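*Asks:*
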Ligand SMILES: Cc1cc2nc3c(=O)[nH]c(=O)nc-3n(C[C@H](O)[C@H](O)[C@H](O)COP(=O)(O)OP(=O)(O)OC[C@H]3O[C@@H](n4cnc5c(N)ncnc54)[C@H](O)[C@@H]3O)c2cc1C
Ligand SMILES: Cc1cc2nc3c(=O)[nH]c(=O)nc-3n(C[C@H](O)[C@H](O)[C@H](O)COP(=O)(O)OP(=O)(O)OC[C@H]3O[C@@H](n4cnc5c(N)ncnc54)[C@H](O)[C@@H]3O)c2cc1C
Ligand code: SF4
Ligand code: SF4
Ligand code: FES
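Chains as they are written, first to last, in the working numbering: chain A, 5 to 296; chain B, 2 to 467.
Encoded structure:
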């Protein structure tokens, strides 16, 4: 089951995998995620579905090696299999279930930060395929960390993709927020809806700006998750003073209503403990993993 | 040497010593051996009008199976139980016997009730050791039924339908079957391999297929199951897993868990074991909020992981909804109880980590809708308890995944699926529901009983369609 059909290193510590997962591929839509377990003893790790092929029954994931669990996933090779893949989880992006004529009336701005480029990709592709106007901003640290540039050009056209690097090593120089201001204020572009996916801090500042500009903005929240089915409450986020569970109520929420500060605080939860485990693993002290 | 039986008292059951078990996840209660079971069986009066049977939600013929134990006919005892229950090894361990069968036992009017639960458990464990398991039916109907959720309710319904010859598939969202039995109730109360895995194997032995990693409402909807996959009927047994929070300040602090998260990490993901990757915060001082079985399980799990533990509950000892045995065990193990106390705020340090909890003393006022006296705050009685971990065990509701993706499936105010108590029928033709998703969080035996009734309801429904 869940065989890895393709594995590719996109940038340092960033991998793409195409995985056979018929149940997920059959019904997934942009905005949804899945949960994988590498081995029987592994954590359940949430990853966004970055592309899917219904005929081949495959889905694409893109992930960064952050801690022990993502590192273990990255060690799996083509032809090997995940122990579990479950999904699709979460709700599809809101436009998927809206009348398409309504959606077509809007001009979309998609803002991707770093690894967020991967989950933005299926959204860009879906919108374009359905005849919706869409511009994409990709922000990344430097040229080396840029991913899926060509794919994005192919999806929406090179004229509609604006790449910016924090260090100015490629294309535009500066944060995504600077590009948004440029496009809207200096180039006079009009957007009716923004979708922003990336590091929490980027989404926070992005929303601050789009609020000023009056562009309703959807963000995708990636809190800590365990089951992903609404059973544990680990993924709770505060949205408009209400407690929401990102796995069943989200992961996409109205960015104007999300309490980013409490969400960022909760992300720190396992930092120290996981750090220790990571060390133990790379030093080969971690028991019980029959990896051959 | 024969055991001397005091007719007024239960034959004592061996348990791991509190000091010892507080540091391990092995089962606390070791159960009767054959000699002890036969001795306890002699205490049953074999009543003409056995109250105990009325107290059991699935009406097990209790005097019947106990009489078999007394004769030494354990296989016979197992068969008698099997007529009414399909999870005796589980129910014998986790039923709240003191409010059910044993609560009304006639022997219990003077002295202690017969240890019905322990005898049931003994019988089931005996059968397991003998390798006795139910047989697959010889005659198969070519009719497909889908069951959603592999908890006690789904497993029971699937097992019963398979015995009737139906082609049954269970769809389970998690990577492991068992529902609360695997993710909620801890190993030290309900061993996962020895008991739960075996019960699941028994269901599979009847020909039931179990598809894990399969979320109905996402991977596929109920309508798709019936229209595209050719299922004649669906039984929803998706439980009530969505945890509630208090909505008090500080609840988003680091170190505040729902009991379900804490227990899932510990049980399902086996975070307590070094060879498993899922992390868990141990904490030095843990406060558990709530007084049900879930609260006791969370408290005793935290204790075993190495924390000091205090349970904070807003009513008095008498109202604690947990099984009496669990409260007793928790106390023996050194868990503190702050009763008539309710949290008002969780305190965090400059890094957002929990550093304490502010609580207020309560007194019992007038009875509320549930008939229990309602706790009211005593003004000015607030104080702080130092802790670095808070576990909220306040109850759960059914999650919206299935109701939200199935048209015309009626739910009530509490988000429970409306289902007929006798047949499990819902507002949708061919769709049945039962267990916690219909009743709200309840008990294993009630979930199981609902599964049984629904199996009959589904059988009648399908026969009516033919
Ligand atoms: C809905 C959803 C979609 C996601 N999509 C993707 C994706 O497409 N690609 C991808 O690489 N990652 C994605 N993530 C994040 C991914 O699940 C985490 O990176 C992963 O859990 C880290 O596991 P680890 O054991 O390697 O790191 P850990 O050792 O657990 O953690 C190391 C560091 O990562 C942080 N961390 C822990 N959990 C998360 C989390 N859920 N998100 C972000 N940081 C975390 C910790 O605070 C810590 O600093 C997604 C998360 C969610 C909830
Ligand atoms: C910690 C704890 C301790 C308890 N202790 C006791 C006790 O001592 N005695 C007692 O009698 N009762 C106890 N209970 C209550 C008892 O466990 C439940 O009442 C019982 O398990 C309910 O059974 P169920 O089959 O209805 O649901 P569950 O056991 O909750 O099973 C539901 C299953 O459905 C799955 N599911 C949910 N949604 C979907 C979906 N969309 N698609 C596919 N699958 C899905 C879930 O993953 C789960 O496996 C306890 C509960 C908890 C949480
Ligand atoms: S199933 Fe529960 S209530 Fe019924 S006899 Fe057994 S322990 Fe008692
Ligand atoms: S009520 Fe008690 S004594 Fe009477 S038959 Fe039942 S278990 Fe035996
Ligand atoms: S991940 Fe457990 S409730 Fe969302």
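Heads up, the beta-carbon is just placed ideally off N, CA and C, and yes, glycines get one too.
Please read all numbers here as calculations on a predicted model, not as lab measurements.
Could you check which residue in A:210, A:267, A:149 has the C-alpha nearest to that of residue 183 of chain A?
*Replies:* If we check each option's Cα against that of residue 183 of chain A, A:210 comes out closest.
*Asks:* Is the CB of residue 36 of chain A under 9 Å away from at least one CB in chain B?
*Replies:* By this cut-off, residue 36 of chain A is an interface position.
*Asks:* Runs of 3 residues minimum, wholly inside the segment 203-252 of chain B: which ones carry the beta strand (DSSP E) assignment?
*Replies:* 210-212, 234-237, all fully within the segment 203-252 of chain B.
*Asks:* Counting only Cβ pairs nearer than 9 Å, list the residues of chain A close to residue 266 of chain B.
*Replies:* In chain order: 230, 236, 238.
*Asks:* Would a check of beta-carbon distances place residue 54 of chain A closer than 9 Å to chain B?
*Replies:* Chain B, which has no Cβ nearer than 9 Å to the Cβ of residue 54 of chain A, makes this no.
*Asks:* With distances taken Cα to Cα, identify the nearest neighbour of residue 35 of chain A among A:130, A:145, A:234, A:242.
*Replies:* Closest option to residue 35 of chain A, Cα to Cα, is A:130.
*Asks:* Can you find at least 3 beta carbon pairs, one from the segment 232-242 of chain A and one from the segment 139-151 of chain A, that sit closer than 8 Å?
*Replies:* Cβ pair count under 8 Å is below three, so no.
*Asks:* So is residue 466 of chain B in contact with chain A if we call contact Cβ pairs under 9 Å?
*Replies:* It does not: the Cβ of residue 466 of chain B has no partner Cβ on chain A nearer than 9 Å.
*Asks:* By the criterion of Cβ-Cβ separation under 8 Å, what are the contact partners of residue 259 of chain B in chain A?
*Replies:* Neighbours of residue 259 of chain B on chain A, chain order: 236, 237, 238.
*Asks:* Where does residue 329 of chain B fall in DSSP's three states?
*Replies:* DSSP places residue 329 of chain B in helix when its eight states are reduced to three.
*Asks:* Applying the criterion that 16 or more other CB atoms from any shown protein chain within 10 Å of the CB defines a buried residue, is residue 70 of chain A buried or exposed?
*Replies:* Burial call: exposed.
*Asks:* Identify the contact partners of residue 233 of chain A in chain B, using a Cβ-Cβ distance below 8 Å as the criterion.
*Replies:* Chain B residues near residue 233 of chain A: 174, 175, 216, 242, 400, 402.
*Asks:* May I have a chain-ordered list of the alpha helix (DSSP H) segments no shorter than 4 residues that lie completely inside the segment 274-347 of chain B?
*Replies:* 294-306, 325-333, all fully within the segment 274-347 of chain B.
*Asks:* Check the Cβ-Cβ distances between residue 89 of chain A and every residue of chain B, and say whether any is below 9 Å.
*Replies:* Chain B, which has a Cβ nearer than 9 Å to the Cβ of residue 89 of chain A, makes this yes.
*Asks:* Using three-state DSSP, classify residue 415 of chain B as helix, strand or coil.
*Replies:* Reduced to three states, the DSSP call for residue 415 of chain B is coil.
*Asks:* Quick check on DSSP: helix, strand or coil for residue 366 of chain B?
*Replies:* Strand, per DSSP.
*Asks:* Which residue from A:248, A:263, A:22, A:79 puts its Cα closest to that of residue 400 of chain B?
*Replies:* Checked all of A:248, A:263, A:22, A:79; the closest Cα to residue 400 of chain B is A:248.
*Asks:* Hey, out of B:130, B:207, B:291, B:325, whose CA is closest to residue 310 of chain B's CA?
*Replies:* When each option's Cα is compared against that of residue 310 of chain B, the closest is B:291.
*Asks:* Can you give the Cα-Cα distance for residue 387 of chain B and residue 227 of chain A, rounded to whole angstroms?
*Replies:* Taking the straight line from one Cα to the other gives about 27 Å.
*Asks:* If you draw a straight line from the C-alpha of residue 28 of chain A to the C-alpha of residue 327 of chain B, how long is it?
*Replies:* If you take the alpha carbons of residue 28 of chain A and residue 327 of chain B, they lie about 41 Å apart.
*Asks:* Expressed to the nearest angstrom, what Euclidean distance is found between the alpha-carbon atoms of residue 26 of chain B and residue 296 of chain B?
*Replies:* If you take the alpha carbons of residue 26 of chain B and residue 296 of chain B, they lie about 17 Å apart.
*Asks:* Listed from N- to C-terminal order along the chain, which residues in the segment 242-267 of chain A have their beta-carbon within a distance smaller than 7 Å of any beta-carbon of chain B?
*Replies:* Going along the segment 242-267 of chain A in chain order, one finds 242, 247, 252, 266 with a Cβ nearer than 7 Å to chain B.
*Asks:* Using 9 Å as the threshold, is the C-beta distance between residue 230 of chain A and residue 265 of chain B below it?
*Replies:* Closer than 9 Å, so yes.
*Asks:* If residue 62 of chain A and residue 9 of chain A are in contact, beta carbons under 8 Å, what's the gap, nearest whole angstrom?
*Replies:* Between residue 9 of chain A and residue 62 of chain A the Cβ distance is about 6 Å, and since that is below 8 Å, they are a contact.
*Asks:* Can you list, in chain order, the residues of the segment 83-114 of chain A whose Cβ is nearer than 9 Å to any Cβ on chain B?
*Replies:* Cβ contacts with chain B: 87, 88, 89, 90, 91, 92, 93, 94.
*Asks:* Drop a sphere of 10 angstroms on the beta-carbon of residue 287 of chain A, count the other beta-carbons inside from all chains shown, and report buried for 16 or more, exposed for fewer.
*Replies:* Bear in mind that a pLDDT of 44 at residue 287 of chain A, under 50, signals an unreliable position, so the number given afterwards is only what the model happens to contain. Classification of residue 287 of chain A: exposed, given that the 10 Å Cβ count is below 16.
*Asks:* Please work out which residues of its chain come closer than 6 Å, Cβ to Cβ, to residue 119 of chain A, disregarding the five sequence neighbours upstream and downstream, and give them in chain order.
*Replies:* These residues qualify, in order along the chain: 68.
*Asks:* With DSSP run on the structure shown, which of helix, strand or coil describes residue 123 of chain B?
*Replies:* Of the three classes helix, strand and coil, the one that applies to residue 123 of chain B here is helix, per DSSP.
*Asks:* Just to confirm the assignment: which complete alpha helix (DSSP H) runs, minimum length 4, are found wholly within the segment 66-140 of chain A?
*Replies:* As far as the segment 66-140 of chain A is concerned, its whole alpha helix (DSSP H) runs of at least 4 residues are 72-78, 104-108, 121-133.
*Asks:* Could you tell me whether any Cβ in chain B is nearer than 9 Å to the Cβ of residue 46 of chain A?
*Replies:* Output row for residue 46 of chain A: interface = yes.
*Asks:* Let me confirm a value: residue 32 of chain B is counted as buried when at least 16 other C-beta atoms fall within 10 Å, else exposed. Which label applies?
*Replies:* Flag for residue 32 of chain B reads buried.
*Asks:* Would you report the Cα separation of residue 374 of chain B and residue 367 of chain B, rounded to the nearest angstrom?
*Replies:* If you take the alpha carbons of residue 374 of chain B and residue 367 of chain B, they lie about 5 Å apart.
*Asks:* So which residues on chain A does residue 270 of chain B lean against when the C-beta distance must stay under 8 Å?
*Replies:* Those within 8 Å of residue 270 of chain B in chain A are 47, 48, 230.
*Asks:* When you check each C-beta in the segment 20-33 of chain A against every C-beta of chain B, which residues fall closer than 8 Å?
*Replies:* Answer set for the segment 20-33 of chain A: 27, 28, 30, 31.
*Asks:* Please name the residue in B:128, B:369, B:115 whose C-alpha comes closest to that of residue 316 of chain B.
*Replies:* Residue B:369 is the option with its Cα nearest to residue 316 of chain B.
*Asks:* Under the criterion of a Cβ to heavy atom distance below 8 Å, does residue 222 of chain B qualify as lining ligand 5?
*Replies:* For ligand 5, not one heavy atom lies less than 8 Å from the Cβ of residue 222 of chain B.
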